[in-house]
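This report refers to the structure that appears directly beneath it.
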Amino acid sequence: MFKKGVYRQIYVTIVATMSIFISGMWLGWPSSVVEKFVKHETDFNATMDELSWIVATMDLGNVISPLMASHLMDWMGRKLSIVVLGPLFIVSWALTLFVPTPWALYTARLLGGMGKGMSYTVVPVYLGEIASPAIRGALGSVFCLQLHFGFLMEAVIGPLVSYRTLNVVSAVVPVLFFVAAVWLPESPYYLLKRGRRPQAAVCLQWFRGGGDVVHELDLMEVNVRKEMENRSTFQELFASRKDMRALAIVVAACATQRGGGISCILAYSSLILPDNGPLLNKHESVMLFAVTLAVVNLVAVALVDRVGRKPLLLLSEAGMAVLTLTFAVFFYCSRGDGSDWASRELAWLPYLCHWSFAVMFATGVGFVPVVFLGEMFPVNIRSHCSAIASITLAFCSFVTNKMFLFVSNRYGFHAMFLLFTVVNFAGTFYTYKYAIETKGKTLQEIQEQLQDTVGRRREKTNQNDN
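Taken in order, the sequence shown gives residues 0 to 465; the numbers are from numbering that gives the first Met the number 0.
Spelled out as structure tokens, the structure:
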């Protein structure tokens, strides 16, 4: 019976995270179509300035949608908040097919970014509430695996087909997602929050594959009642030291994820990498990057509930810091015209760092923040925290993407990679000092651990004051 429940949870996770797959497609889409625009292989022409805005507007959409999503998921429920993503993504891809203008692509990317922000807000909460503690980390890791697969699809198919064919293929995926998402069960936590215990029991029994779920449901109900004694507001979040500590851990991890270089490496690989690599060209290196993200994330899925969240996050952030520092040193020593020793003798180094960065990113920082997000917060404020995390991700991505070309043209690539290095080392220190381990713990045990940690720090502060 337990196996049946695990399979059902895996199925629901795959369906819900198809929204993340589509978000990954939108992330990978520019890497395939920018070159087509430059070579005039599209339905219309766009200037370089228009292209830069086509790329950037996705992050703007990502910034504005999480707060809306946090209210929707408490008003409509987790399930319907996921279902409405289907029409949103369908319209976004339809615009790329039927309205060949720059403004249509601005709108399409904006809608795609809104869908991504809503997905990042709703899906982690949904997965955290339906998953069994023993496999919650693995199911949460599928979130980022789907993102990598979506990016990989665009990176592989894009160079092989026309602009229109790529958009047609991409538009099919949200249709399939919408059809499957309609049949998702609701979260038992949400149903208990609404006082609908019989429906919550039915959903929980389905997720667990049958059997007696009364004890687990009772524990859920006690936890929900305890957490819902306070109002579900942002003021409630900021009033609790325990919840603020959890929020700080998640926000720091999210800021490191996007501020540590991944957004710019994804968007600007064609500029960062030298023209001719020793073994691969730029296009092949981007495909290898996407494949590596997916494969390493699969390995991390198998390890996260054995090794733990914190060790993987530490390894990931420290490795990214070393690699971005190596990038910075290379670009500082290289004049970029191929005439210096670094450009001639070390042209392989940025390609190696490019691939290694994918390994380090996927090992921890690419997915652990999502796992933390579904585990660390009480049900009454979980949606608000998810919205804040999504805004943090989008804002850091937007800032670094907009800064990259300006700073790189003015000071050189090394300046931006030094900034990434500072962010990654800061993230490593914060994780080592303040992050907690949630492996194998129930949501209630995690709340108690956070409260105990805050209590110990308060006692230590009082002793120092005395």
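Positions of the beta carbon are idealized from the N, C-alpha and C atoms, including for glycine.
- Spatial neighbours of A252 within its chain, please: CB distance less than 8 Å, with the 5 preceding and 5 following residues excluded, ordered by chain position. So the list reads L312, V364, V367, P368, F371, G426, T430, A434, once near-sequence residues are dropped.
- Is E153 near S30, with beta carbons less than 8 Å apart? Taking 8 Å as the cut-off, the beta carbon of E153 is found closer than this to the beta carbon of S30.
- If we ignore side chains and look at the alpha-carbon of each, how far apart do F148 and E215 end up? Each residue's Cα considered, the two are about 34 Å apart.
- Item | Nearest candidate by alpha-carbon position, reference P197, set D217, A180, E344, G318 | Per the Cα distances, D217.
- For Q204, which residues from the same chain have a beta carbon less than 8 Å from its beta carbon, with the 5 sequence-adjacent residues on both sides left out? If we look at Q204 and ignore the five residues flanking it on each side, its Cβ neighbours are G210, V212.
- Item | Reduced DSSP secondary structure (H/G/I, E/B, other) of H39 | In this structure, H39 counts as coil in the three-state DSSP scheme.
- Residue nearest to A55 in terms of C-alpha spacing, selected from L417, A414, F428, C395: Ranked by Cα distance from A55, the options L417, A414, F428, C395 are led by C395.
- Closer than 6 Å by C-beta to V171: which residues in its own chain qualify, once you throw out the five before and the five after it? Chain order, please. Closer than 6 Å at Cβ, skipping near neighbours: no residue.
- Query: Where does T349 fall in DSSP's three states?
  - Reply: In the sequence as presented, Thr is not what sits at residue 349; that position holds Pro. Correct three-state label for P349: helix.
- Would you grab the beta carbon distance between T437 and E374 for me? Rounded to a whole angstrom, and I think it's under 8 Å. Between E374 and T437 the Cβ distance is about 5 Å, and since that is below 8 Å, they are a contact.
- Hey, is the stretch 382-392 in contact with the stretch 116-126, meaning 3+ C-beta pairs nearer than 8 Å? A contact exists between the stretch 382-392 and the stretch 116-126.
- Proximity of P349 and I271 at Cβ, strictly below 8 Å: Cβ distance < 8 Å, so P349 and I271 count as in contact.
- Task: Rounded to whole angstroms, what's the CA-CA distance from L71 to I380? Just pull it up for me.
- Result: Between the alpha carbons of L71 and I380 lies a distance of about 13 Å.
- Buried or exposed for D274, please, with buried defined as at least 16 other CB atoms from any protein chain shown within 10 angstroms of its CB. Around the beta carbon of D274, fewer than 16 other beta carbons lie within 10 angstroms, which makes this residue exposed.
- Message: On the criterion of 16 or more Cβ atoms from any shown chain inside 10 Å, does D336 qualify as buried, or is it exposed?
- Response: A caution first: D336 carries a pLDDT of 49, below 50, which makes its placement in the model unreliable, though a value can still be read off. D336 comes out exposed.
- Task: Taking only runs that begin and end inside the stretch 228-288, name each unbroken alpha helix (DSSP H) of 4 or more residues, in chain order.
- Result: Scanning the stretch 228-288 from its first residue to its last, the whole alpha helix (DSSP H) runs of 4-plus residues come out as 233-238, 240-256, 262-266, 268-271.
- Message: Any contact between the stretch 287-304 and the stretch 353-361? By contact I mean 3 or more CB pairs, one from each, below 8 Å.
- Response: Yes, the stretch 287-304 is in contact with the stretch 353-361.
- Apply the 10 Å Cβ neighbour rule to D304 and answer buried if 16 or more other Cβ atoms are within range, or exposed otherwise. Flag for D304 reads buried.
- Message: Tell me the residue span of the alpha helix (DSSP H) that contains W205.
- Response: Start and end: 196-206.
- Query: The alpha helix (DSSP H) spanning M117 covers which residue range?
  - Reply: Note, M117: alpha helix (DSSP H), 101-129.
- Query: Given that a residue counts as buried once 16 or more other Cβ atoms are within 10 Å of its Cβ, and exposed if not, what is T100?
  - Reply: Exposed, since its Cβ has fewer than 16 Cβ neighbours within 10 Å.
- Message: With three or more beta-carbon pairs closer than 8 Å as the criterion, would you say the stretch 73-85 touches the stretch 131-141?
- Response: In short, these stretches do not touch, since the Cβ pair count stays below three.
- Sequence-distant residues of its chain with Cβ nearer than 8 Å to A254 (five each side left out): Non-local C-beta neighbours of A254 in its own chain, meaning closer than 8 Å and more than five positions away in sequence, comprise T391, C395, V422, G426, ordered along the chain.
- Query: Taking the C-alpha atoms as reference points, what is the distance between L191 and M67?
  - Reply: Roughly 22 Å separates the two Cα atoms.
- Between the CA atoms of L87 and L175 - distance to the nearest angstrom: Approximately 13 Å between the Cα atoms of the pair.
- Query: Which value, in whole angstroms, describes the spacing of the CA atoms of F424 and A93?
  - Reply: If you take the alpha carbons of F424 and A93, they lie about 42 Å apart.
- Should G4 go down as buried or exposed, given a rule of 16 or more other Cβ atoms within 10 Å for buried? Here G4 is buried, its C-beta having at least 16 other C-beta atoms within 10 Å.
- Item | Closest by C-alpha distance to W25, when choosing among I53, Q443, V124 | Selected option, being the one with the closest Cα: I53.
- Message: What does the Cβ neighbour count give for G76, buried or exposed, with the cut at 16 atoms within 10 Å?
- Response: Within a 10 Å sphere around the beta-carbon of G76 sit 16 or more other beta-carbons, which makes this residue buried.
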